[in-house]
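Only one structure is covered here, and it is reproduced in the block below.
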Amino acid sequence: MATALVIENDPTDDLRRLGEWLTEAGLELTVRRPHAGDELPEALDDYLALIVLGGDQSAYPGPGGEPGAPWFPALEGLLRKAVRHRVPTLGVCLGGQLLASAHGGLVERSTSGPEIGPGLVAKRDAADNDPLFKWVPLMPDVIQWHRDEITELPLQAVLMAASSRYPHQAFRLGDRAWGLQFHIECDAAMIEQWAASDQAGIDELGYDTEAVVLATAELLPDVEEVWQPFAARFAALALGTLPDADIPNPGTARTLPLLGQ
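Residues in the sequence shown are numbered from 1 upward in steps of one, following the UniProt record's numbering.
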């Protein structure tokens, strides 16, 4: 049976609840872990979809021009092939940043500092015609944990969701690829692990570690209420069973990124 290809970039950010939602919706998953030595395929002919997860690496090159991880050039190549061949694609946090950078977007260390813990994003008008985002509430709950941000979207991208500090929270490329700056896959254990390993980020924001973990754990049912149906629709899109998958005039419409403007 054909499956979806999942790229796990970091052992601390696996599929967790997102994997459960996708498999419950009937989508088989094949996970490749390049951080553990797994090789990436050269093409996506054998896969129904591509899912790229987050990680502690940066999507932009280091000071010497070296990629954020040795496999990132090959992964960006896969992301370009996915969009070109209309393979349903979902990039989460780092995965979304790599989707943007692979198509000419710009990812940088954010001048706004880290974004950590529970958050809200707001849909843009273009989301009303999107097969995945049109069913998402106007201001859905999300989990944030990042220092880098997409400062410039690819030219062909359509903005799906924004926030005031980080304007590019979700976007679509073509009619089958989506990038998310936020996390939807986390469970409480993952958040506890991230909090323990990122004390510097929490301190920078002046947060209390225990309060961050507790507040995020309390948000998980609300995240599931919004993003489990989103994941199920993505699975249906990959399986070819989503009835309203076509986008009227997908185009390259750009909307103002900042809320209230």
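In this text, a Cβ means the ideal position worked out from N, Cα and C, and glycines have one as well.
Tell me whether His-183 is buried or exposed, calling it buried when 16 or more other Cβ atoms sit within 10 Å of its Cβ.
-> Of the other Cβ atoms in all chains shown, 16 or more fall within 10 Å of the Cβ of His-183; this residue is therefore buried.
Mapping DSSP to helix, strand and coil, what is Ile-143?
-> The answer is strand: DSSP assigns Ile-143 an E or B state.
Own chain, CB closer than 8 Å to Asp-222, minus 5 neighbours either side, in chain order = Taken in chain order, the residues that qualify are Asp-141.
Buried or exposed: Gly-104, going by 16 or more other Cβ atoms within 10 Å of its Cβ?
-> An exposed status is given to Gly-104, since fewer than 16 other beta-carbon atoms sit within 10 Å of its beta-carbon.
Test item: CB-CB of Val-31 and Glu-8 under 8 Å = Result yes, Cβ atoms of Val-31 and Glu-8 sit closer than 8 Å.
Have a look at Ser-110, Ala-177 and Arg-172 and flag the residue whose alpha-carbon is nearest the alpha-carbon of Ala-82.
-> Ranking Ser-110, Ala-177 and Arg-172 by Cα distance to Ala-82 puts Ala-177 first.
Look up Trp-178 in the DSSP assignment and say whether it is helix, strand or coil.
-> It is a strand residue.
Given 8 Å as the limit, is there contact between the segment 102-119 and the segment 199-215, that is, 3 or more CB pairs closer than that?
-> Judged by Cβ distances under 8 Å, the segment 102-119 makes contact with the segment 199-215, as three or more pairs qualify.
Does the Cβ of Ser-101 have 16 or more other Cβ atoms within 10 Å, making it buried, or fewer, making it exposed?
-> Buried, since its Cβ has 16 or more Cβ neighbours within 10 Å.
Since Ala-49 sits in a beta bridge, which residues does DSSP pair it with?
-> BP columns for Ala-49 point to Ala-4.
Measure from the alpha carbon of Glu-42 to the alpha carbon of each residue in Leu-50, Ala-36 and His-35, then state which is nearest.
-> Of all alpha-carbon atoms in Leu-50, Ala-36 and His-35, the one lying nearest the alpha-carbon of Glu-42 is that of Leu-50.
How would you write the range of the beta strand (DSSP E) that Ala-170 sits in, first residue to last?
-> Run containing Ala-170: 170-173, per the beta strand (DSSP E) assignment.
So, are the CB atoms of Gly-97 and Ala-127 less than 8 Å apart?
-> Note that residue 97 is Gln in the sequence shown, not Gly. Contact flag unset, no.
Is the CB-CB distance between Val-168 and Ile-150 below 8 Å?
-> At residue 168 the sequence reads His, which differs from the Val that was named. The Cβ atoms of His-168 and Ile-150 sit closer than 8 Å to each other.
Under the assumption that Tyr-47 contacts Leu-5 (Cβ atoms under 8 Å), give the Cβ distance between them as a whole number of angstroms.
-> Indeed, because the Cβ distance is near 4 Å, the residues count as touching under 8 Å.
Compare the C-alpha of Cys-186 against each of Ala-157, Ala-215, Thr-3 and Leu-15 and name the closest.
-> Cα-wise, what sits closest to Cys-186 is Leu-15.
Can you say whether Asp-125 is buried or exposed, counting buried as having 16 or more other CB atoms within 10 angstroms of its CB?
-> Answer is exposed; the Cβ neighbour count stays below 16.
Quick one, which of Val-92, Met-139, Ala-189 and Leu-44 has its alpha-carbon nearest Glu-225's?
-> In terms of Cα proximity to Glu-225, the closest of Val-92, Met-139, Ala-189 and Leu-44 is Met-139.
Alpha carbon to alpha carbon, how far is Pro-229 from Gly-64?
-> Distance between the alpha carbons of Pro-229 and Gly-64: 42 Å.
Might you give, ordered along the chain, the residues of its own chain that have their beta carbon closer than 8 Å to the beta carbon of Arg-86, omitting 5 neighbours on each side?
-> If the five residues before and after Arg-86 are omitted, its C-beta is found closer than 8 Å to the C-beta atoms of Gly-174, Asp-175 and Arg-176, all from its own chain and listed in chain order.
Identity of the residue in Leu-120, Leu-22, Ala-245 and Pro-154 nearest Ser-163 by Cα | Looking at the Cα atoms, Leu-120 is the closest of the given residues.
Among the residues of its own chain, which have a CB less than 7 Å from the CB of Pro-154, if the five just before and after it don't count?
-> In its chain, beyond the 5 residues on either side, Ala-100, His-103, Gly-104, Gly-105 and Leu-173 have a beta carbon closer than 7 Å to the beta carbon of Pro-154.
DSSP on Glu-39, reduced to helix/strand/coil?
-> Coil at Glu-39, not helix or strand.
Please confirm whether Leu-22 and Val-52 have their CB atoms less than 8 Å apart.
-> It is not a contact, given that the beta carbons lie outside the stated cut-off.
Measure the Cβ-Cβ separation of Leu-27 and Ala-238 and say whether it is below 8 Å.
-> Yes; because the gap between Cβ atoms is below 8 Å, this pair is in contact.
Residues sharing a beta bridge with Arg-81, DSSP | The residue asked about is misnamed: residue 81 is Lys in this sequence, not Arg. When beta bridges are read from the DSSP output, Lys-81 appears opposite no residue.
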